[in-house]
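J.: Before I ask anything, let me first share the structure, which is written out below as structure tokens.
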Amino acid sequence: MLSTDIQKLENGGTSPRETTPFITFVLGGPGSGKGTQCMRIVENFGFTHLSAGDLLRHEISSNSEYAPMILNTIKDGKIVPSEVTVKLLQKAIESIDNDKFLIDGFPRSEENRLQYERIIGMEPNVVLFFDCPQEEMVKRVLNRRQGRIDDNEETVKERLKVFMALTMPVVDYYAKRGKIYKIDATGTEDEIFARVLPAFASLQFEMDYLLGHLTGHRKFTEPCKIVRLFLWTVWPS
Ligand SMILES: Nc1ncnc2c1ncn2[C@@H]1O[C@H](COP(=O)(O)OP(=O)(O)OP(=O)(O)O)[C@@H](O)[C@H]1O
Ligand SMILES: O=c1ccn([C@@H]2O[C@H](COP(=O)(O)O)[C@@H](O)[C@H]2O)c(=O)[nH]1
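Dropping the structure here:
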């Protein structure tokens, strides 16, 4: 039998981490530029980039027992069952020696979010939301030309429907919890990254503090959040 990442987890998996990592979810519609900006965040801020879509595509190419189901789901522009995606993310987080993760393209639904919180046992620290007009997203997807099975007009229409119906409620949920950094995702890659930078600059102290890179007392956490939100409000881009 093939030994897949998911099967390894079901058989006991990897050992849990000793430290609680700093988790950033990265949301936005198909082609909004999440992956492109994540690469820059990695280069500048030392995060590990975990693309949920890439993890699922890896399952397809490694021919796991889930491969046919994942392939068909991606082809149809629908959402893979939460258990599968969350286990892949869990394994990656537990096996990679870093304490800062960008989780790109997840959670795609409230059900994804609840399952993640149930299994991982915590919320993300922050959520970046790349806000892009639909016609621009469609243009970018159809110009991508990386041979992706879902980069065609029919699938992108479905992905946009799924995004509006199922993913936007997740964005709204985190907005209510004060965790959303909304980024205008129009313009050049450089212009967009210039809007991303202040978000991470305002988070740097809080990240260092929470990850134990600064010494101090836990009571500083709430003031940190207030300062961060203040900075973001007066200087969002
Ligand atoms: N600001 C931009 N202007 C024009 N094209 C862009 C811009 N940013 C990214 N692209 C291009 O658009 C395409 C989609 O970008 P990217 O893969 O980063 O989006 P994504 O949000 O991760 O998409 P998906 O959710 O479909 O994986 C890529 O070909 C990328 O090179
Ligand atoms: O959490 C996830 C992430 C992705 N999918 C499926 O994969 C494709 C492609 O995802 P990208 O983020 O654009 O790479 C997506 O349309 C879904 O079908 C998923 O089900 N769950």
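Each residue of the sequence shown is one higher than the last, beginning at 1 in UniProt numbering. Each residue gets a CB set at the ideal place from its N, CA and C atoms; glycine is no exception.
1) In chain order, what residues have a CB nearer than 5 angstroms to some heavy atom of ligand 1?
2) When burial is assigned at 16 or more other CB atoms within 10 Å of the CB, is Asn72 buried or exposed?
3) Within a Cβ cutoff of 8 angstroms, which residues of the same chain sit near Glu18, ignoring the five residues on either side of it in sequence?
4) Quickly, what does DSSP pair Leu49 with across the bridge? List them, please.
5) According to DSSP, which residues form a beta bridge with Ile23?
6) For residue 242, which residues from the same chain have a beta carbon less than 8 angstroms from its beta carbon, with the 5 sequence-adjacent residues on both sides left out?
7) Taking buried to mean at least 16 other C-beta atoms within 10 Å of its own C-beta, is Gly212 buried or exposed?
8) Does DSSP put Ser15 in a helix, in a strand, or in coil?
9) Would the beta-carbon of Leu56 fall within 7 angstroms of that of Ile70?
10) Can you tell me whether Phe22 is buried or exposed? The criterion is at least 16 other CB atoms within 10 Å of its CB, across all chains shown.
11) Beta-carbon within less than 6 angstroms of Thr4's beta-carbon, same chain only, minus the 5 sequence neighbours each way: which residues are those?
12) Along the chain, where does the alpha helix (DSSP H) that runs through Ile74 open and close?
13) According to DSSP, simplified to helix, strand and coil, what is Val127?
14) Should the region 91–105 be regarded as contacting the region 42–55, the criterion being three or more beta carbon pairs within less than 8 angstroms?
T.: Per the coordinate set shown:
1) Of all residues, those with a beta-carbon under 5 angstroms from at least one heavy atom of ligand 1 are Pro30, Gly31, Ser32, Gly33, Lys34, Gly35, Thr36, Arg140, Arg144 and Glu189, reported in chain order.
2) Exposed, by the Cβ-count rule.
3) Non-local C-beta neighbours of Glu18 in its own chain, meaning closer than 8 angstroms and more than five positions away in sequence, are absent.
4) Checking the displayed sequence, the identity of residue 49 turns out to be His instead of Leu. Its beta-bridge partners are Leu102.
5) Its beta-bridge partners are Phe101.
6) Because the chain in this structure spans residues 1 to 237, residue 242 falls outside the shown range and cannot be described.
7) Exposed is the label assigned to Gly212, since fewer than 16 other Cβ atoms lie within 10 Å of its Cβ.
8) Bear in mind that the predicted position of Ser15 carries a pLDDT of just 48, short of 50, making it unreliable; the figure below should be weighed with that in mind. The answer is coil: DSSP assigns Ser15 none of H, G, I, E or B.
9) Taking 7 angstroms as the Cβ cut-off, Leu56 and Ile70 qualify as a contacting pair.
10) So Phe22 counts as buried.
11) Confidence at Thr4 is low in this model, with a pLDDT of 41, below 50, so its placement is unreliable and the value that follows should be read with caution. Ser64.
12) Ala67 to Asp76 is the extent of the alpha helix (DSSP H) around Ile74.
13) It is a strand residue.
14) In this structure the region 91–105 lies against the region 42–55, because at least three pairs of beta carbons, one per stretch, are closer than 8 angstroms.
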